[in-house]
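For the sequence shown, the working numbering begins at 270 and goes up steadily by one.
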Amino acid sequence: MSIRIAPSILAADFTRLGSEIARVEDAGADLIHLDVMDAHFVPNLTFGPMVVEAVSRMTALPRDTHLMITDPDRYLEAFIDAGATTLSFHLEAFPEPEREERAAAILTRLSEAGVGRGIAVNPDTPVSLLEPWLDRIDHVLIMTVHPGFGGQVLIRECLEKIPALRQESEAVGNTITIGVDGGVNEETAADVVDAGADILVAGSAVFRSPDPAAAVERLRRAGSAAAGR
Ligand code: DX5
Ligand code: ZN
Numbered sequence: 270m271s272i273r274i275a276p277s278i279l280a281a282d283f284t285r286l287g288s289e290i291a292r293v294e295d296a297g298a299d300l301i302h303l304d305v306m307d308a309h310f311v312p313n314l315t316f317g318p319m320v321v322e323a324v325s326r327m328t329a330l331p332r333d334t335h336l337m338i339t340d341p342d343r344y345l346e347a348f349i350d351a352g353a354t355t356l357s358f359h360l361e362a363f364p365e366p367e368r369e370e371r372a373a374a375i376l377t378r379l380s381e382a383g384v385g386r387g388i389a390v391n392p393d394t395p396v397s398l399l400e401p402w403l404d405r406i407d408h409v410l411i412m413t414v415h416p417g418f419g420g421q422v423l424i425r426e427c428l429e430k431i432p433a434l435r436q437e438s439e440a441v442g443n444t445i446t447i448g449v450d451g452g453v454n455e456e457t458a459a460d461v462v463d464a465g466a467d468i469l470v471a472g473s474a475v476f477r478s479p480d481p482a483a484a485v486e487r488l489r490r491a492g493s494a495a496a497g498r
């Protein structure tokens, strides 16, 4: 299993976003993680499709777009048009009675558009919520912090969801990628990979480092060592 590194630009210097992305791209980042927040689903506000579109023009790396927004279906076309490569939305964003229908419509539309179908899972949400969707998604993003802010400490218990998720998706004949998002750094990367993740999302560990390129490399080494065990 090869480990992929997805730096989150949430912690980047937006006065020079182009060169920040070029730096991690040169360092071998595999994806660029884009955290979209609406000050409603989460208590923070970041950016929308305009920035995703700009990033799409800055890099050929996949744009791993994480929608922490209420009504993700309402903004879906805008993010597809902006060049998102994978779109992960939260099932928690929907009121229970509407969840099934609205999530199904998103997944169908993503398939049609050729965009990766992702579901993100909050720390307090059991993976059983994903069961009905496991045969028709490409990616699960396991949140290891409560979404909204970078720089938080990884909640270890969340990693326990990964083996069951892997097993259940295989049981329905689907191979998914599993990303871990929140508090991933050189110290935690090995445990994250040991738990079965294949994509490491890292904001602060990369962009708050004096040398983001070296930080990407250290994460990859920590993750690959664990994967080889
Ligand atoms: C949190 C975001 C994360 C965040 C991770 O809501 O989804 O992607 O950028 O930041 P770090 O790596 O600093 O925990
Ligand atoms: Zn994220």
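Just so you know, even glycine gets a beta-carbon here, dropped at the ideal spot from N, CA and C. Source: prediction; values computed, not measured.
Quiz prompt | Secondary structure of isoleucine 272, DSSP reduced to three states | solution = coil
Quiz item: Quick one: what's got a C-beta closer than 8 Å to glycine 220's C-beta in the same chain, skipping five residues either side?
Solution: The first residue shown for the chain is 270 and the last is 498, placing residue 220 beyond what the model contains.
Quiz prompt | Cut-off 7 Å between Cβ atoms - residues of its own chain near glutamine 421, not counting five sequence neighbours on either side | solution = Val414, Gly451 and Gly452
Self-check item: Closest Cα partner of isoleucine 278 within the set Ala323, Ile272 and His309
Solution: Ala323
Quiz item: Hey, quick one: how far does the beta strand (DSSP E) through alanine 471 stretch, first residue to last?
Solution: 468 to 471
Practice problem: Kindly identify the DSSP beta-bridge partner or partners of leucine 314. | Solution: Asp307
Quiz item: From the DSSP output, which residues share a beta bridge with valine 409?
Solution: Ile388 and Ile447
Quiz prompt | Limits of the unbroken beta strand (DSSP E) element including arginine 332 | solution = 332 to 337
Quiz item: For the ligand DX5, any of its heavy atoms closer than 7 Å to the Cβ of alanine 280?
Solution: yes
Quiz item: Hey, would you say the C-beta of aspartate 307 is under 7 Å away from at least one heavy atom of the ligand ZN?
Solution: no
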